[in-house]
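Notes to accompany the following structure.
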Amino acid sequence: RKEVEQDPGPFNVPEGATVAFNCTYSNSASQSFFWYRQDCRKEPKLLMSVYSSGNEDGRFTAQLNRASQYISLLIRDSKLSDSATYLCVVNGGAGSYQLTFGKGTKLSVIP
Amino acid sequence: GAGVSQSPSNKVTEKGKDVELRCDPISGHTALYWYRQRLGQGLEFLIYFQGNSAPDKSGLPSDRFSAERTGESVSTLTIQRTQQEDSAVYLCASSDRTDTRFFGPGTRLTVL
């Protein structure tokens, strides 16, 4: 099983649609979870952290299910500017400096 | 404030040549990381520097790869006798916490 697994997509959705990305991770000791966004030919940038209770930032909602070792990202009311690759990122355990990056899910929002 | 900077932004070299990539971290960030991202692939950890501690070199793919860091500032990644499979984007990141990464724009290396 890969350490961090994501559906590569691409997800092609119309503007205004709601889209959800899923991610599974294999390291049960992982304590910190993140979603990064990577635009084409650019560096990854932190989108949001993922907390156990779930958290929301505007149109973006992240959820964590520790029992299933599963993370999700929901984007509501998609904008053209949301087109990017979304990377699921998981740390190596309490106090670990290692982050494992998934290969990402590509999203294209279509006019 | 200034982010992480990397140079060169693009490098084309011939197989067998040595290349040196440079990273300037965010001022005050004690941790510095190098990653490799091949086309269509995820980020692959290469090496980690933390202050004056011995670096974690566990991700370096071969002895052709080496990296140095001067104190808590500039880092250089050197690839000797480049091979075509070394073609990738090399990303540097710095942080002041173990679970954050601020990435530079990367160096796109093409080995002909």
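Residue numbers (my numbering), protein chains in the order written: chain A, 905 to 1015; chain B, 17 to 128.
Think of the CB as a built atom: it goes at the ideal place given N, C-alpha and C, for glycine as much as any other residue.
- Selection B:Arg117, B:Ser43 and B:Tyr51 evaluated against Leu125 of chain B yields B:Tyr51 as nearest (Cα-Cα).
- Tyr990 of chain A is outside the set of residues whose beta carbon lies under 8 angstroms from a beta carbon in chain B.
- In the three-state reduction of the DSSP assignment, Leu76 of chain B falls in the coil class.
- By the CB criterion at 8 angstroms, Leu991 of chain A and Gln942 of chain A fall inside the cutoff.
- Between Thr1009 of chain A and Gly920 of chain A, the C-beta gap is not smaller than 8 angstroms, which leaves the two residues out of contact.
- Separation of Ser110 of chain B and Lys27 of chain B (C-alpha to C-alpha, rounded to the nearest whole angstrom) is 22 angstroms.
- Of all residues in the region 973 to 1007 of chain A, those with a C-beta nearer than 9 angstroms to a C-beta of chain B are Leu991, Val993, Asn995, Gly999, Ser1000, Tyr1001, Gln1002, Leu1003, Thr1004, Phe1005, Gly1006 and Lys1007, reading in chain order.
- Chain B places a beta carbon closer than 8 angstroms to that of Glu947 of chain A, counting this residue as a contact.
- Taking C-beta atoms as the reference points, Thr123 of chain B and Val105 of chain B count as a pair closer than 8 angstroms.
- Contact check for Arg80 of chain B against Phe65 of chain B fails: the beta carbons are separated by 8 angstroms or more.
- Within the same chain, Val20, Leu48 and Ser110 come within 6 angstroms of Pro41 of chain B by CB-CB distance, once the 5 residues on both sides are set aside.
- For Phe61 of chain B, a Cβ of chain A is located within less than 8 angstroms of the residue's own Cβ.
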